[in-house]
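Protein chains in written order, with our numbering: chain A, 25 to 299; chain B, 1407 to 1736.
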């Protein structure tokens, strides 16, 4: 039984196949990573899996519900949460309020009782505030409870998005490059946080360039190239796959072999070459 | 923070602001020496009700409307026609009109709130112009450009007449409007509005139906404008299409921006200042509008967030600095 089943998924932008006939299954309880060179379609795939983009073809079945073509808020209501590579924090609010927004689906009530501010609402608001504060502490942001999001450093904002996503009580959490822009210490702390997420029973989909992180936490890895599946399997089998190394470095350099046969080394070389 | 003392609670912007506004409304008559002043203050109150609603849309949800005078005009003419031409009881006329305007806002809002920024501004502008055209051309009902006389407002047998009576009615309704707006803002739905203002996709992925919320706040703001329009028609006893013009829509938006976006009390202050300022500037005679424009430009340059949020920020910065001084001194 898979939590998320993707079948023959395609997304075209004009004439370009950003995602091309892609099928895979994500079992519950695991960390499933999606890697691939820049432009491979990782973020497009994440946008498809959360309803931000509507697929050109194929189907997305989550937890037994066919969500193909549904809006993002419907994905959320079935238990899909995500963070963004380019932050989508609510900068007009405090950190605490950002997380409280994440509780929206479990707090909302009718317009009449909202406008009249019924006593029940005051009680749920207090509970919501406390739970949001708890989540901020959980992701390590206890110092930022009442700080405006526009005054927080980048690393803290990345955690804030995780706390906000957690507040929706998701079954599946998609993290889009959570380590990008973090210093090595902050990136190390992410390992621990991702581990704790799965401990809570949240299945994690990780899109990430930091191979140390990916290889350390992943149960399964999907390698994308030009929108197609290049390889899929446990971390160990993927990291030594020549096809994967070739995708990152180009065939000439890969055949040369001097950059190593391990994808973790190769990607660090590839990232250096891009700069 | 969870168990803060009651005194601190009273000083919170929410309760403190309501108390301050109630105090101003209660004490203001002491300074109103004649009918003319009462008249201006009633106009301030009616504009403030519209602006409190419009601020929910513009300031909190971040959606522009250049057509709210259309809703104001629709409310005014709906009440006027039903009460004066068809002899409905004014309260029934007002309720029916409000419902009709809410429906209109819903039907118009659903398609046009998909648009963003300048495009939404254009669409709402078009809507306002259509309402204005209907009012000026359907002269069999509306009296056309000449306007229409409106019977006084009455509930049961009691007739609301005179500036002083209206002062208290409008004052109470303004407090009600502010209370409703504050309740909305300080709720899950209100946070959803502020969230989609900042990032629509960010709001959607936590389960917020952005389109639904935008339509909801559009309808609420239209209802505030419509009720104020109905009251304005009955209060002045005569209504012309002037109140439904594009210029009036711009005035309303200006009041919201001037007072401070995403500040309910800012909307009230904006309405108060921009309604009274032209009267105060009458001493400049021919140069009145020039001075008015200069005041607006100066305010937006020196208080770019609008009057109330800018001043609030100034106080916050000062009190923080004082705390810092004490700590470093100790």
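Think of the CB as a built atom: it goes at the ideal place given N, C-alpha and C, for glycine as much as any other residue.
Predicted model only: the values in this text are computed from it and were never measured.
Residues that residue i contacts on chain B, provided the C-beta gap is smaller than 7 Å
| i | result |
| --- | --- |
| residue 124 of chain A | 1597 |
| residue 188 of chain A | 1612 |
| residue 97 of chain A | 1610, 1613, 1614, 1615 |
| residue 131 of chain A | 1594 |
| residue 76 of chain A | 1607 |
| residue 121 of chain A | 1597 |
Beta-ladder partner(s) of residue i, from DSSP
| i | result |
| --- | --- |
| residue 89 of chain A | A:86 |
| residue 1560 of chain B | B:1565 |
| residue 12 of chain A | Because chain A is modelled from 25 through 299, residue 12 of chain A falls outside the range shown and cannot be assessed. |
| residue 257 of chain A | A:245 |
| residue 35 of chain A | A:43 |
| residue 28 of chain A | A:50, A:86 |
| residue 172 of chain A | A:118 |
| residue 1645 of chain B | B:1554 |
| residue 252 of chain A | A:249 |
| residue 81 of chain A | A:34 |
Proximity below 8 Å, CB of residue i to CB of residue j
| i | j | result |
| --- | --- | --- |
| residue 244 of chain A | residue 77 of chain A | no |
| residue 1670 of chain B | residue 1448 of chain B | no |
| residue 43 of chain A | residue 69 of chain A | yes |
| residue 51 of chain A | residue 26 of chain A | yes |
| residue 1534 of chain B | residue 1506 of chain B | no |
| residue 256 of chain A | residue 59 of chain A | no |
| residue 1527 of chain B | residue 1464 of chain B | no |
| residue 1480 of chain B | residue 1510 of chain B | yes |
| residue 1592 of chain B | residue 1420 of chain B | yes |
| residue 31 of chain A | residue 103 of chain A | no |
| residue 1608 of chain B | residue 128 of chain A | no |
| residue 64 of chain A | residue 237 of chain A | no |
| residue 1647 of chain B | residue 1503 of chain B | no |
| residue 105 of chain A | residue 197 of chain A | yes |
Amino acids of chain A, ordered along the chain, whose beta-carbon sits closer than 8 Å to that of residue i
| i | result |
| --- | --- |
| residue 1622 of chain B | 135 |
| residue 1590 of chain B | 138, 139 |
Interface partners of residue i on chain B, CB under 9 Å
| i | result |
| --- | --- |
| residue 101 of chain A | 1613 |
| residue 113 of chain A | 1604, 1605, 1608 |
| residue 128 of chain A | 1594, 1595, 1597, 1598, 1601, 1609, 1612, 1613, 1614 |
Residue range of the unbroken beta strand (DSSP E) whose run includes residue i
| i | result |
| --- | --- |
| residue 244 of chain A | 244-249 |
Chain-ordered chain B contacts of residue i [CB-CB under 8 Å]
| i | result |
| --- | --- |
| residue 116 of chain A | 1600, 1603, 1604, 1668 |
| residue 192 of chain A | 1612, 1613 |
| residue 105 of chain A | 1611, 1612 |
Run of the alpha helix (DSSP H) containing residue i, from where it starts to where it stops
| i | result |
| --- | --- |
| residue 1545 of chain B | 1545-1548 |
| residue 58 of chain A | No alpha helix (DSSP H) holds residue 58 of chain A; the beta strand (DSSP E) holding it covers 55-59. |
| residue 1623 of chain B | 1616-1642 |
| residue 129 of chain A | 128-131 |
| residue 1500 of chain B | 1496-1518 |
| residue 209 of chain A | 208-223 |
| residue 73 of chain A | 66-73 |
| residue 138 of chain A | 135-139 |
| residue 179 of chain A | 178-191 |
| residue 1594 of chain B | 1594-1604 |
| residue 143 of chain A | 143-162 |
Under 7 Å from the C-beta of residue i: neighbouring residues of chain A
| i | result |
| --- | --- |
| residue 1593 of chain B | 138, 145 |
| residue 1586 of chain B | 139 |
In chain order, which continuous runs of the beta strand (DSSP E) of length 3 or greater are located wholly inside the region 1458-1494 of chain B?
-> The qualifying runs do not exist here; there are none.
Where in the region 1648-1693 of chain B do unbroken runs of the alpha helix (DSSP H), each at least 4 residues long, occur, reported from the N-terminal end onward?
-> Within the region 1648-1693 of chain B, the complete alpha helix (DSSP H) segments at least 4 residues long are 1652-1665, 1670-1686, listed from N- to C-terminus.
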